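Visitor: Take a look at this one; I'll ask things after.
Numbering (full-length UniProt numbering), first residue to last: 1 to 511.
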């Protein structure tokens, strides 16, 4: 069984950031009536800035993929501190201009996503297993940290502690960034020279981002409805998101210890769609009586898909050599655009009555509409390429290569016949991939190398850069403990059978 570190500097610091941001009540800033600004616009300033920051990072990642380094964390921290200073002055009774309040809100919602994105960029640079562990632990620990931090009742002490936590996390981030390999293709290569690769990444990713966005719309509307009906946010409702993240992380980690499996966000969403419809139908009945359970279930499913989506983005960056800034900015930019629609709908829901219907009924109706629309957009069978390269792969830590060791979380009946072993060499490559715990992309490169393809030919076939192919080759050699291509071929041809035969098809032609 492969041993990895679960509580690392990266995972603990990432958890600290999530817990620190949970300490601050993040509600859209609502000014007084004398501000002269449209009420709906002010309601949306926080989520709009948050959303635009992700989209801006996508463009930065495309034109300057290596620009976001460790010192950027202190710039993001300064923006958050500026907002905290404005809030502190307001609590002390100082008269703060409306423009300063708005500027502080905007600064906070630029700094927070920047810190998240910087950590996600670091995770993408890690080893596959350590990346998964840091993401799962980082998203599971915050509820425990928040429970300890929640013992502090004074708002000024809470703000001071939050400032210290964010500083510690920023220092840890800069320390971690020193170990990153900035010569990797995802940072060193110019995306403008590989437009086909980035277009392919976008085509393979936008549907799964829509699925997560539909859940973001639901929990945003639910949260707004519940907070508007209470003067203060219920304590259990505050813990619901963090408990959802913990449950999702524990479920994935428990399965990952013993089984190899692949999660596909689209297919998980399709599997859960009937359950979601039942949940929406129950909202008018139980939203008032049991808001915590309704909200907790919605956020639990959302958190599960976000964890899978983060792993998928990291693996896509390694697989295709895409910039992490671009990948995460594009993926979660789509999610936040749909979430922004949820905030807009929530603001309208507070202001207007919909033909005398209850809020629960309107929420259920809107959630059904958005989720059904997304279900329609991601309809259709996924081909083998889309399925293989939109999966988040979890290769078991206690990996025993046998015919039943791989579990694919999927509803596609054709998945069982995907990647057929069309000849003996294909089967030997699959055996070797199972033996050395290779990812799907590494297994594909392995087979192409074994068939005599050159690095430029592999790059053209897989629509990636030659630098990315060379990086995959280095990882292959490191995992297999070899130094020459001939050693790779010898291992492949001497492999024993661990997997079952499948229907033969015509093999790819060597270039």
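Don't be surprised by glycine CBs; every beta carbon is placed ideally from N, CA and C. All figures in this text were calculated on a predicted structure; none of them were measured in a lab.
Within 10 Å of its beta-carbon, does residue 484 have 16 or more other beta-carbons around it, so buried, or fewer, so exposed?
Guide: The residue in question, residue 484, is exposed, as its Cβ has fewer than 16 Cβ neighbours within 10 Å.
Visitor: Could you check where the alpha helix (DSSP H) with residue 442 kicks off and where it finishes?
Guide: Taken as a continuous stretch (DSSP letters only), the alpha helix (DSSP H) holding residue 442 covers 440-450.
Visitor: Hey, how far is the Cα of residue 121 from the Cα of residue 357?
Guide: Taking the straight line joining both Cα atoms gives about 45 Å.
Visitor: Scan the segment 96-143 and note each continuous alpha helix (DSSP H) run of 4 residues or more that stays entirely inside, going in chain order.
Guide: 98-125, 128-140, all fully within the segment 96-143.
Visitor: For residue 346 and residue 220, what's the separation of their Cα atoms in angstroms?
Guide: So the alpha carbons of these two residues sit roughly 8 Å apart.
Visitor: State the CB to CB distance for the pair residue 105 and residue 23, rounded to an integer number of angstroms; the pair is presumed to be in contact (CB under 8 Å).
Guide: Actually they are not in contact, since the Cβ atoms of residue 105 and residue 23 sit about 17 Å apart, beyond 8 Å.
Visitor: Is it buried or exposed for residue 266, if we count other Cβ within 10 angstroms and need 16 for buried?
Guide: Result: buried.
Visitor: Flag this pair as yes or no: are the beta carbons of residue 323 and residue 180 separated by less than 8 Å?
Guide: No, they are not a contact pair.
Visitor: Using the beta-carbon count (16 or more within 10 Å), is residue 413 buried or exposed?
Guide: With a pLDDT of only 36 at residue 413, under 50, the local geometry of the prediction cannot be trusted, and the value read off the model is given with reservation. Flag for residue 413 reads exposed.
Visitor: Residue ranges of each beta strand (DSSP E) run of no fewer than 3 residues wholly in the segment 140-207, ordered along the chain?
Guide: You should have found no qualifying run.
Visitor: Would you call the segment 168-182 in contact with the segment 290-305, where contact means no fewer than 3 C-beta pairs closer than 8 Å?
Guide: No contact exists between the segment 168-182 and the segment 290-305.
Visitor: What does residue 431 pair with, by DSSP beta-bridge criteria?
Guide: Answer is none; residue 431 lacks a bridge partner.
Visitor: Based on DSSP bridge pairs, tell me the residues matched to residue 372.
Guide: Partner(s): none; residue 372 has no beta bridge.
Visitor: Given this structure, state the Cα-to-Cα distance separating residue 246 from residue 253, to the nearest angstrom.
Guide: Residue 246 and residue 253: Cα-Cα distance of roughly 10 Å.
Visitor: How long is the line joining the alpha carbons of residue 343 and residue 69, rounded to whole angstroms?
Guide: One C-alpha to the other measures close to 32 Å.
Visitor: Can you tell me which of 450, 53, 445 puts its alpha carbon nearest to the alpha carbon of residue 326?
Guide: It is 53 whose Cα lies nearest to the Cα of residue 326.
Visitor: Rounded to the nearest angstrom, what separates residue 18 and residue 86 at their Cα positions?
Guide: Using only the alpha carbons, I get a separation of about 22 Å.
Visitor: So, residue 442 versus residue 315, is the Cβ gap smaller than 8 Å?
Guide: Not closer than 8 Å, so no.
Visitor: I want to know whether the segment 186-197 touches the segment 463-475 - three or more CB-CB distances under 8 Å.
Guide: As far as the Cβ criterion goes, the segment 186-197 touches the segment 463-475, which means the pair count is three or higher.
Visitor: Could you give the distance in angstroms between the alpha-carbon of residue 84 and the alpha-carbon of residue 467?
Guide: Going from the Cα of residue 84 to the Cα of residue 467 covers about 44 Å.
Visitor: Starting from residue 393, follow its DSSP beta bridges and name the residues at the other end.
Guide: Note: residue 393 sits in a beta bridge opposite 262.
Visitor: Could you please give the first and the last residue of the uninterrupted alpha helix (DSSP H) stretch that includes residue 324?
Guide: 324-351 is the span of the alpha helix (DSSP H), which, as asked, contains residue 324.
Visitor: Can the beta-carbon of residue 450 be found closer than 8 Å to that of residue 492?
Guide: Yes. Within cutoff.
Visitor: Within 8 Å, do at least three Cβ pairs link the segment 66-80 to the segment 113-131?
Guide: The segment 113-131 vs the segment 66-80: in contact.
Visitor: Give me the Cα-Cα distance between residue 206 and residue 57, rounded to the nearest whole angstrom.
Guide: Those two C-alpha atoms are separated by around 17 Å.
Visitor: Can you list, in chain order, the residues of its chain whose CB lies under 7 Å from that of residue 202, leaving out five sequence neighbours each side?
Guide: Taken in chain order, the residues that qualify are 330.
Visitor: Count the other CB atoms, across all protein chains shown, that sit within 10 Å of the CB of residue 494; report buried if there are 16 or more and exposed otherwise.
Guide: Exposed, because fewer than 16 other Cβ atoms sit within 10 Å of the Cβ of residue 494.
Visitor: Would you say residue 163 and residue 81 are within 8 Å of each other, going by their C-beta atoms?
Guide: In contact: residue 163 and residue 81 (Cβ atoms closer than 8 Å).
Visitor: Can you list, in chain order, the residues of its chain whose CB lies under 8 Å from that of residue 88, leaving out five sequence neighbours each side?
Guide: 156, 159.
Visitor: Could you tell me the alpha carbon to alpha carbon distance between residue 318 and residue 124, rounded to whole angstroms?
Guide: Approximately 7 Å, taken between the alpha carbons.
Visitor: From 44, 282, 63, 16, pick the residue whose C-alpha is nearest to that of residue 336; which is it?
Guide: That would be 44, whose Cα lies nearest to the Cα of residue 336.
Visitor: Please report the residue range of the alpha helix (DSSP H) in which residue 50 lies.
Guide: Note, residue 50: alpha helix (DSSP H), 45-63.
Visitor: So is residue 182 buried or exposed if we call it buried at 16+ other beta carbons inside 10 Å?
Guide: Exposed is the call here.
Visitor: Going along the chain, which residues of its own chain have a beta-carbon closer than 7 Å to the beta-carbon of residue 34, five neighbours each way excluded?
Guide: Interpretation of residue 34 is limited by its pLDDT of 40, a score under 50 that renders its predicted location unreliable; no figure is taken from the coordinates.
Visitor: Where does residue 5 fall in DSSP's three states?
Guide: Of the three classes helix, strand and coil, the one that applies to residue 5 here is coil, per DSSP.
Visitor: Whole angstroms is fine: what's the gap from residue 321's alpha carbon to residue 139's?
Guide: Their Cα atoms are separated by approximately 25 Å.
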